[in-house]
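J.: Numbering (the working numbering), first residue to last: 790 to 1247. Here a beta-carbon is modelled for each residue, glycine too, at the ideal position from N, C-alpha and C. Bear in mind the structure is a predicted one, so any value in this text is a computation, not a measurement. Handing you this structure, nothing more for now.
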Amino acid sequence: MTQRVDTLLIFGASGDLTARLLLPGLGQLLTAQPERRLQLIGAGGVSWTDEQWREVVRTSFGDCDAEGPAVEAVLASTRYVEADVTDHDQLEKLLGMATGTPAIYFALPPAVAAAVVTTLQTVDFPSDLILALEKPFGMDVPSAEKLNAELAKLVPENQVHRVDHFLGRSTVFNILGLRFANRIFEPVWNSDHIASIDIVYDEQLGLEGRAGYYDKAGALVDMIQSHLLQVMAVLAMEPPSTLGADDLRDAKEIVLRATNIRGGDPLASSRRARYTAGTIDGRQLPSYVDEKGVDPARETETLAEVTLEIATWRWSGVPITLRSGKALGERRREIVITFKPARHIPTGLIGVSSPTVLRLFVAPDAMSLEIDINGPGDPYELERASLDATFGDGQLLAYREVLAGILDGDPSLSVRGDSAVEGWRILAPVIEAWRADRVPLDDYPAGSSGPESWTPIG
Ligand SMILES: NC(=O)C1=CN([C@@H]2O[C@H](COP(=O)(O)OP(=O)(O)OC[C@H]3O[C@@H](n4cnc5c(N)ncnc54)[C@H](OP(=O)(O)O)[C@@H]3O)[C@@H](O)[C@H]2O)C=CC1
Ligand SMILES: O=C1O[C@H](COP(=O)(O)O)[C@@H](O)[C@H](O)[C@H]1O
């Protein structure tokens, strides 16, 4: 670790992301690496004193049992400024408070973040400034391209961190290790042997008071356009020579550039649905449309499924389905790789033969390889068995890793500008078809596994 950043400015310090994810991530990082020293400055719309802000930081640090000299040093010195960060003078004042190399974390609504990027063009700042932007990055191809162009006026690409916290998860490294450090997986990691891939992220959480953001985004933009496409890119990429930022991000970008909606047909290759009232683990949820702040006329989906194809030698013909939804009965977070059937099963073996399935479970990370064996009974009869392994909790905690990348000026685990645009390009036909109501909006009771008419995946 070589920390490059001396001052972390969090814009949107009074918001949900800061308290719930960023500060705990920072607390974990400073606990694990107590030699770090950092000036932390929060700026937000709420009128807090330094002491009130310190309490916010202390509470978030407490939530993750953060401790040690680096934590104490931040708590002792952190400051808060009530500011409109889109305003030239206030922005200049905030940057003036920073010592050494600053990083700005935009924990702001996307439109406000874009406005700050514009204002920054009129402000003096150190040339080594690092900018960290949250998702969603733009709302379509033109707006993402425009934001990239605006950022390029400020700092070089490798000083821009487009945060995707799924890339900070152990899962990504477990996929890299599994694929590239073992001789047995990579030779079969292609369309000769793999029939289909499903990436599923079903949540039991409902809206959790986030209508202001979620009702405009929906499940497709919230989860698939960003996180699941990134996971897919890691799963499908060619072996990189190194895990350096250029090699890793080039390899992912090549996958994304080759990815399209399967058959170019969003009607056949996408499904959407919205939850109605129901119960999850004894918790009563209202219908999505009755949640506070939801505009039913938007027809926002809370469950999205999209099937893609990757037009490369390795993946041609393999359907890859990405699915994510809220208020589902079972929390299911897994990557399912279904292999093609064996080429020939020797005559004489009886019983049902099923394809080999590799399941990679996300947080906690684990895997299971489901195979047919000649079990303990009749030696001629095939039985199903599962080889299971847990990867353990892993050292990587998503926002801790995101922040480590920012503070150390290492963009390997952030999304490069071209890849952020590709995400929108890939899904544009689906977004357009859904807007035009060409794909029906189904419904499912909260607590169920999704609409009854949908065939299960994975
Ligand atoms: N919350 C989450 O779980 C996640 C959020 N994100 C992303 O993080 C970003 C922030 O989300 P979230 O924290 O939920 O949003 P919130 O609405 O909770 O917080 C936004 C913050 O920005 C502040 N703010 C808005 N305008 C200004 C301004 N002009 N000057 C200074 N401060 C301003 C608000 O202050 P005030 O309200 O006082 O105006 C508030 O503190 C979004 O891009 C979101 O998509 C990404 C992943 C998860
Ligand atoms: O970015 C987001 O991710 C979370 C799911 O990630 P997790 O790490 O909290 O499991 C999702 O609930 C949220 O809607 C989305 O904005």
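#1: Using the Cα positions of Leu1009 and Ala1193, report the straight-line distance between them to the nearest angstrom.
#2: Looking only at its chain, what residues have a beta carbon closer than 6 angstroms to the beta carbon of Arg1205, apart from the 5 residues adjacent to it on each side?
#3: Using alpha carbons as the reference points, say which of Leu1186, Trp837, Gly1247 and Glu856 lies closest to Val961.
#4: Please name the residue in Leu1202, Ser1208 and Ala1235 whose C-alpha comes closest to that of Ser959.
#5: Along the chain, where does the alpha helix (DSSP H) containing Ile1220 start, and where does it finish?
#6: Quick one: using the 10 Å Cβ neighbour count with 16 as the cut-off for buried, is Leu909 buried or exposed?
#7: Starting from Glu1098, trace the beta strand (DSSP E) both ways and give me its first and last residue.
#8: Quick test of your reading: Phe850 and Leu812, contact by CB under 8 angstroms. State the CB separation rounded to the nearest angstrom.
#9: Ligand 2 and Glu992: does any heavy atom of the ligand fall closer than 7 angstroms to the residue's C-beta?
#10: Using DSSP bridges, identify the partner residues of Met1156.
#11: Can you give the Cα-Cα distance for Ala904 and Tyr1003, rounded to whole angstroms?
#12: Which residue marks the beginning of the alpha helix (DSSP H) containing Glu881, and which one marks its end?
#13: Can you have a look at Tyr748 and say buried or exposed, based on whether 16 or more other CB atoms are within 10 angstroms of its CB?
#14: Quick check on the DSSP output: the beta strand (DSSP E) that includes Ile1049 runs from which residue to which?
#15: Between which two residues does the beta strand (DSSP E) holding Gln822 run?
#16: Starting from the C-beta of Val949, find all residues in its chain whose C-beta is less than 6 angstroms away, skip the five residues before and the five after it, and write them out in chain order.
#17: Going by the CB atoms, is the gap between Val1151 and Arg1122 shorter than 8 angstroms?
#18: For Val794 and Leu829, I'd like the C-alpha separation in whole angstroms.
#19: Taking 6 angstroms as the limit between beta carbons, can you name the residues of its chain near Gly1236, skipping five residues before and five after?
#20: Could you pull the start and end residues of the beta strand (DSSP E) that Ile1126 belongs to?
#21: Around the C-beta of His982, are 16 or more other C-beta atoms found within 10 angstroms, so that it is buried, or is it exposed?
#22: Straight-line CA distance for Pro1139 to Ala1209?
#23: May I ask you to verify whether the segment 972-992 touches the segment 1045-1052, counting CB pairs closer than 8 angstroms and requiring at least 3?
#24: Can you grab the Cα-Cα spacing for the pair Asp1084 / Glu1241, in whole Å?
#25: Output yes or no for whether 8 angstroms exceeds the beta carbon distance between Asp1161 and Leu1171.
#26: Among Val874, Ala887, Gly889 and Leu918, which one has its Cα closest to the Cα of Leu897?
#27: Give me whichever residues DSSP pairs with Ile830 in a beta bridge.
#28: Could you tell me which uninterrupted beta strand (DSSP E) segments, each at least 3 residues in length, are contained entirely in the segment 972-1019, listed from first to last along the chain?
#29: Ligand 2 and Ala1093: does any heavy atom of the ligand fall closer than 7 angstroms to the residue's C-beta?
#30: To the nearest angstrom, how far is the alpha carbon of Thr1089 from that of Pro1245?
#31: Just to check my reading of the structure: Leu1158 and Leu1176 have Cβ atoms closer than 8 angstroms, yes? What is that Cβ distance to the nearest angstrom?
#32: Give the straight-line distance between the Cα atoms of Pro1165 and Gly1114, rounded to the nearest whole angstrom.
#33: Considering only their Cβ atoms, is the gap separating Pro1200 from Ala1034 smaller than 8 angstroms?
#34: Using a Cβ-Cβ cut-off of 6 angstroms (strictly less than) and excluding sequence neighbours within five positions of Pro858, which residues of its own chain qualify?
#35: Using only the alpha-carbon positions, how far apart do Gly1217 and Lys1081 sit?
#36: Please classify Pro1234: does DSSP put it in a helix, a strand, or coil?
T.: The relevant details are as follows:
#1: Taking the first residue of the sequence shown as 1, we reach residue 1009 at position 220. Taking the first residue of the sequence shown as 1, we reach residue 1193 at position 404. Cα-Cα distance, rounded: 28 angstroms.
#2: For the purposes of this step, residue 1205 is identified with residue 416 of the sequence shown, where counting begins at 1. Contacts found: Arg1038.
#3: Translated into positions along the sequence shown, residue 961 becomes position 172. Of the listed residues, the one whose Cα sits closest to Val961 is Leu1186.
#4: Looking up residue 959 in the sequence shown gives position 170. For Ser959, the nearest C-alpha among the options comes from Leu1202.
#5: For the purposes of this step, residue 1220 is identified with residue 431 of the sequence shown, where counting begins at 1. Ile1220 -> alpha helix (DSSP H) spans Gly1206 to Arg1224.
#6: On the sequence shown, position 120 is the one that residue 909 refers to. Label assigned to Leu909: buried.
#7: Counted from its first residue, the sequence shown places residue 1098 at position 309. Looking at the DSSP string, the run of the beta strand (DSSP E) that includes Glu1098 is Leu1092 to Ile1099.
#8: Taking the sequence shown and counting its residues from 1, the one referred to as residue 850 is at position 61. Taking the sequence shown and counting its residues from 1, the one referred to as residue 812 is at position 23. The Cβ separation is near 7 angstroms, so the contact holds.
#9: For this step, residue 992 is matched to residue 203 along the sequence shown. Yes; taking the cut-off as 7 angstroms, the Cβ of Glu992 has a heavy atom of ligand 2 nearer than that.
#10: Counted from its first residue, the sequence shown places residue 1156 at position 367. Per DSSP, Leu1149 and Ala1178.
#11: On the sequence shown, position 115 is the one that residue 904 refers to. On the sequence shown, position 214 is the one that residue 1003 refers to. The straight-line gap from Cα to Cα measures roughly 21 angstroms.
#12: The residue given as residue 881 occupies position 92 in the sequence shown. Start and end: His877 to Met886.
#13: As shown, the chain starts at 790 and ends at 1247. That puts residue 748 outside it, with no answer to give.
#14: Position 260 of the sequence shown, counted from the start, is the residue given in the question as residue 1049. Checking the displayed sequence, the identity of residue 1049 turns out to be Asn instead of Ile. Segment Thr1048 to Ile1050, the beta strand (DSSP E) holding Asn1049.
#15: For the purposes of this step, residue 822 is identified with residue 33 of the sequence shown, where counting begins at 1. Note, Gln822: premise wrong, no beta strand (DSSP E); not H, not E.
#16: Here residue 949 refers to the residue found at position 160 when the sequence shown is read from its first residue. Hits under 6 angstroms: Leu920 and Leu940.
#17: In the sequence shown, counting from the first residue as 1, residue 1122 sits at position 333. In the sequence shown, counting from the first residue as 1, residue 1151 sits at position 362. Yes.
#18: Position 5 of the sequence shown, counted from the first residue, corresponds to residue 794. Position 40 of the sequence shown, counted from the first residue, corresponds to residue 829. Going from the Cα of Val794 to the Cα of Leu829 covers about 11 angstroms.
#19: As a first step, residue 1236 must be located in the sequence shown, where it is residue number 447. Around Gly1236: Gly1067, Thr1068, Ile1069 and Gly1118.
#20: In the sequence shown, the residue the question calls residue 1126 occupies position 337. Here the beta strand (DSSP E) through Ile1126 covers Arg1121 to Phe1128.
#21: If you number the sequence shown from 1, residue 982 lands on position 193. So His982 ends up on the exposed side.
#22: Indexing the sequence shown from 1 puts residue 1139 at position 350. Indexing the sequence shown from 1 puts residue 1209 at position 420. What sits at residue 1139 in the sequence shown is Ile, not Pro. Approximately 50 angstroms, taken between the alpha carbons.
#23: no
#24: In the sequence shown, residue 1084 corresponds to position 295, counting from 1. In the sequence shown, residue 1241 corresponds to position 452, counting from 1. The straight-line gap from Cα to Cα measures roughly 25 angstroms.
#25: Here residue 1161 refers to the residue found at position 372 when the sequence shown is read from its first residue. Here residue 1171 refers to the residue found at position 382 when the sequence shown is read from its first residue. Yes; because the gap between Cβ atoms is below 8 angstroms, this pair is in contact.
#26: Start at 1 with the first residue of the sequence shown, and residue 897 comes out as number 108. Nearest C-alpha to Leu897: Val874.
#27: Numbered from its first residue, the sequence shown carries residue 830 at position 41. DSSP, once it has assigned bridges, lists Leu798 and Arg868 as partnering Ile830.
#28: 983-991
#29: Start at 1 with the first residue of the sequence shown, and residue 1093 comes out as number 304. The answer is no for Ala1093.
#30: For the purposes of this step, residue 1089 is taken as the residue at position 300 of the sequence shown. For the purposes of this step, residue 1245 is taken as the residue at position 456 of the sequence shown. Their backbone Cα atoms lie some 22 angstroms apart in a straight line.
#31: In the sequence shown, the residue the question calls residue 1158 occupies position 369. In the sequence shown, the residue the question calls residue 1176 occupies position 387. Leu1158 to Leu1176, Cβ: 4 angstroms. Contact.
#32: Taking the sequence shown and counting its residues from 1, one reaches residue 1165 at position 376. Taking the sequence shown and counting its residues from 1, one reaches residue 1114 at position 325. Cα to Cα, the separation comes out at about 40 angstroms.
#33: What you label residue 1034 is simply residue 245 of the sequence shown in a count that begins at 1. What you label residue 1200 is simply residue 411 of the sequence shown in a count that begins at 1. Result yes, Cβ atoms of Ala1034 and Pro1200 sit closer than 8 angstroms.
#34: Counting from 1 along the sequence shown, the entry for residue 858 is found at position 69. Cβ within range, chain order: Pro823.
#35: Within the sequence shown, numbered from 1, the residue matching residue 1217 stands at position 428. Within the sequence shown, numbered from 1, the residue matching residue 1081 stands at position 292. The question names Gly, yet the displayed sequence has Ala at residue 1217. Answer to the nearest angstrom: the Cα atoms are 29 angstroms apart.
#36: Your numbering for residue 1234 matches position 445 in the sequence shown. Strand at Pro1234.
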